[in-house]
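Presented below is the structure to which this report refers.
Here it is in structure tokens:
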């Protein structure tokens, strides 16, 4: 019923908060980048898909490169959140369990987000190599290793070095396709065992699946 008949003013269309509009742009860009590639996707494509005026895009991003930076940040936050949730379910003194939970969550998150990872780190890599030296995932693992070392659960003379070493190994196993080629639970168990072995913690059967 119109406002002239009912006597009530028509409701104004809801204006989305700025953070929701930004998220809409990111989700639209992610879908298009994955479907068409970054080079073939224009800013006009992104704003049309998001249902947002082109001028609004520039309130949030200066370019497609800025969008890619935001997608990279989102990828890292998502992986970090999944790791934090998994580790948080282990008791504070279950050091091997917390390290194994970290490993499992890292690998499974990467596998689940592999298409996005390859898009923003392989197809359109960052302009600088800062992520190799300033990586919050490596920093988080280093803190866990340092705490476990202090508690006597394992030996990590240099937690930062060990974290970077293990991160590289885990990342390489996912990127190489080795994990995807294995039965998932067996692959995760083998990785957990190798990580415990690397830090000198006691654990389970350390044989790798063939």
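Residue numbers (the UniProt record's numbering): 1 to 210.
Every residue gets a Cβ at the ideal spot worked out from N, C-alpha and C, and that includes glycine.
Identify, in the order they occur along the chain, each residue of the same chain with its Cβ nearer than 6 Å to the Cβ of residue i, setting aside the five sequence neighbours on each side.
i, result
"residue 109", "79, 82"
"residue 187", "179"
"residue 101", "86, 87, 90"
"residue 138", "163, 164, 167"
"residue 156", "145, 149, 162, 199"
"residue 68", "120, 124"
"residue 185", "none"
"residue 191", "103"
How would you call residue i, buried or exposed, if buried means at least 16 neighbouring beta carbons within 10 angstroms?
i, result
"residue 93", "exposed"
"residue 169", "exposed"
"residue 174", "buried"
"residue 136", "exposed"
"residue 266", "The shown model of the chain, from 1 to 210, leaves out residue 266, and the question about it has no answer."
"residue 59", "exposed"
"residue 20", "exposed"
"residue 210", "Reliability of the predicted coordinates at residue 210 is poor, the pLDDT of 47 falling under 50, and no value is obtained from them."
"residue 15", "exposed"
"residue 30", "buried"
"residue 252", "The requested residue 252 does not occur in the structure, where the chain is confined to residues 1 to 210."
"residue 65", "exposed"
"residue 98", "buried"
"residue 42", "exposed"
"residue 189", "buried"
"residue 70", "buried"
Which whole-angstrom value describes the C-beta separation of residue i and residue j, a residue pair presumed to lie in contact below a C-beta threshold of 8 Å?
i, j, result
"residue 32", "residue 23", "No, residue 32 and residue 23 are not in contact; Cβ-Cβ is about 15 Å, not under 8 Å."
"residue 199", "residue 145", "7 Å"
"residue 38", "residue 150", "Incorrect: roughly 44 Å between the Cβ atoms, too far for contact."
"residue 147", "residue 201", "Actually they are not in contact, since the Cβ atoms of residue 147 and residue 201 sit about 13 Å apart, beyond 8 Å."
"residue 53", "residue 28", "The Cβ separation is near 13 Å, so there is no contact."
"residue 96", "residue 26", "The Cβ separation is near 37 Å, so there is no contact."
"residue 47", "residue 61", "At roughly 11 Å, the Cβ-Cβ gap does not stay under 8 Å, so residue 47 and residue 61 are not in contact."
By Cβ distance, which residues of its chain are closer than 7 Å to residue i, with the 5 residues on each side in sequence left out?
i, result
"residue 126", "72"
"residue 160", "142"
"residue 4", "Since pLDDT at residue 4 reaches only 46, below the 50 mark, its modelled position is unreliable, and the value read off the structure follows with that caveat. Nothing meets the Cβ criterion."
Near residue i, what residues of its chain come up, given a Cβ to Cβ distance below 8 Å and the 5 sequence neighbours on each side ignored?
i, result
"residue 34", "115, 116, 119"
"residue 85", "105"
"residue 36", "45"
"residue 112", "none"
"residue 18", "59, 60"
Original post:
Are there three or more Cβ pairs, one per stretch, closer than 8 Å when the region 107-125 is compared with the region 64-84?
Top reply: Segments in contact, yes.
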